[in-house]
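**Student:** I have a structure I would like to understand better, so I am pasting it below and will then ask my questions one at a time.
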Amino acid sequence: MVGLTTTTANADGDIIFYENPDSELRKLDARVSRTATLDGGAVIVHGGVTWADATLKIVSDITEADELKLRAIYESESLFYLSTALGFFSGAISYMDVSDGTLKLTFLVEEKLSA
1 MVGLTTTTAN
11 ADGDIIFYEN
21 PDSELRKLDA
31 RVSRTATLDG
41 GAVIVHGGVT
51 WADATLKIVS
61 DITEADELKL
71 RAIYESESLF
81 YLSTALGFFS
91 GAISYMDVSD
101 GTLKLTFLVE
111 EKLSA
């Protein structure tokens with residue numbers, strides 16, 4: 001289960017989804033770069049891992065009423081809170097599409113707010 005809410009007071013600013021297996025909620029990339037060197041080798045710099053680099057992809061069935069509610073807050077708000085089994089996050093929705101009752105939503109994490 002995934003909960004999405006606005007960061008500001010909004011009586012219609014929350015919605016709950018039941019993500020399907022196509023969702024990507026556990027992918028966390030490291031800040032790693034690789035640069036070729038003149039001697040034919042490479043230098044790898046590992047800058048750590050942080051939730052601020054996470055992109056969460058949610059795929060879920062959605063009702064028409066929930067789609068209208070989500071579109072309204074997507075078009076009027078810029079920052080959101082997202083609650084998942086992995087934690088509570090602040091961030092923004094970068095992509096949203098609904099086709100044949102299936103929601104595809106991409107959430108860019110700004111910060112993980114829970115431990």
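Using the UniProt record's numbering, read the sequence shown as starting at 1 and increasing by one per residue. Yeah, the Cβ is synthetic: ideal placement off N, Cα and C, and Gly gets one too.
#1: Any idea what DSSP makes of R26, helix, strand or coil?
#2: Is D12 helix, strand or coil by DSSP?
#3: Apart from the five residues on each side of it in sequence, which residues of its chain come closer than 6 Å, Cβ to Cβ, to I73?
#4: Would you check if there are 3 or more beta carbon pairs closer than 8 Å linking the segment 80-94 to the segment 102-113?
#5: In three-state DSSP terms, what is S60?
#6: With C-beta atoms as the reference, is W51 less than 9 Å away from G87?
**Tutor:** The relevant details are as follows:
#1: As a working mapping, residue 26 is identified with position 26 in the sequence shown. The answer is coil: DSSP assigns R26 none of H, G, I, E or B.
#2: In the sequence shown, residue 12 corresponds to position 12, counting from 1. If DSSP states are grouped into helix, strand and coil, D12 belongs with coil.
#3: To locate residue 73, count along the sequence shown from 1; it is residue 73. Hits under 6 Å: T6, G13.
#4: yes
#5: Along the sequence shown, one-based indexing puts residue 60 at 60. S60 falls in the strand class under three-state DSSP.
#6: Numbered from 1 along the sequence shown, position 51 holds the residue referred to as residue 51. Numbered from 1 along the sequence shown, position 87 holds the residue referred to as residue 87. Yes, they are a contact pair.
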